[in-house]
Structures are given as C-alpha cells and as structure tokens.
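A.B. asks: Here it is, the structure in full.
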Amino acid sequence: MTAFRSGLSRVLISTDLLARTIDVKQISMVIIFDLPATLENYVHRIGRGGRFGRKGVAIYIFTLADRRTSKELETLHSTKISELPVDVADLF
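The letter at position 90 of the sequence shown is residue 90 when you use UniProt numbering, and the numbering goes up by one with no holes.
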C-alpha cells in the first residue's frame, strides 16, 4: 500500500476490504473482476477512480451468470453498464 500511495506502484489489487477505506488521489481506473459482497458496495468500488476532480473509469468484468446482478446494479444506481469499447483510450 505504501508503494501504491507513493506512486512507486501503479497497480493495486484489492477486495471489498478496501472498497470504502482507500483514499488515494492517483486512481484513474478501477477494474472489478468479481461482484461486491453487496450491491451497495459496487458504488464504493467504482467511486475509487476519478476522485479529487479527476476523470475516472470503472471496468466491470462479468460473466453471463452475473447478467441479472448487473441489471440490478443498473436499476439500483440509475445507470447503464455499457460494453467496453475496442479502444479503451476513448474512455479517457
């Protein structure tokens, strides 16, 4: 965590444990490989990127088995989870 906070490391792999507690300015992208323990934790995970007036991107990787939950997330948070564009640079 110290290396990440200081900028020596650009990648941090985490679980729900840090979903609400990490407060680092340089996070610009969050990649979610598994569903959070609760639907409410999803917003805390994606909210890690783009803070402090910076643009952020959240990428949520899910399987067909997760499709129902992704629809529930869209409804709960009044948002649309879109397919990842071919050129990820377009997100920034």
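From the three backbone atoms N, C-alpha and C, an ideal C-beta is built for every residue, glycine too.
Note that this is a predicted model, so its numbers are computed, not measured.
(1) Can you give me the Cβ contacts of Leu91 inside the same chain, cut-off strictly under 6 Å, excluding the 5 residues immediately before and after it?
(2) Given this structure, state the Cα-to-Cα distance separating Val30 from Phe62, to the nearest angstrom.
(3) Can you tell me whether DSSP reads Ala58 as helix, strand or coil?
(4) Along the chain, where does the alpha helix (DSSP H) that runs through Ala65 open and close?
(5) Quick check: what's the CA-CA separation for Ser70 versus Phe4?
(6) Between the beta-carbon of Leu35 and the beta-carbon of Glu72, is there less than 8 Å?
(7) Could you check which residue in Arg67, Ser28, Ile59 has the C-alpha nearest to that of Leu84?
C.D. replies: The answer reads as follows:
(1) Sequence index remark: in the sequence shown, residue 91 carries index 91 (1-based). Hits under 6 Å: Val57.
(2) Your numbering for residue 30 matches position 30 in the sequence shown. Your numbering for residue 62 matches position 62 in the sequence shown. Using only the alpha carbons, I get a separation of about 14 Å.
(3) Translated into positions along the sequence shown, residue 58 becomes position 58. Looking at Ala58 - three-state DSSP - the assignment turns out to be strand.
(4) As a working note, residue 65 is residue 65 in the sequence shown. Run containing Ala65: none; DSSP gives neither H nor E here.
(5) Position 70 of the sequence shown holds residue 70. Position 4 of the sequence shown holds residue 4. About 29 Å.
(6) Taking the sequence shown and counting its residues from 1, the one referred to as residue 35 is at position 35. Taking the sequence shown and counting its residues from 1, the one referred to as residue 72 is at position 72. For Leu35 and Glu72, no; Cβs fall outside 8 Å.
(7) Residue mapping note: residue 84 aligns to position 84 of the sequence shown, counting from 1. Looking at the Cα atoms, Ile59 is the closest of the given residues.
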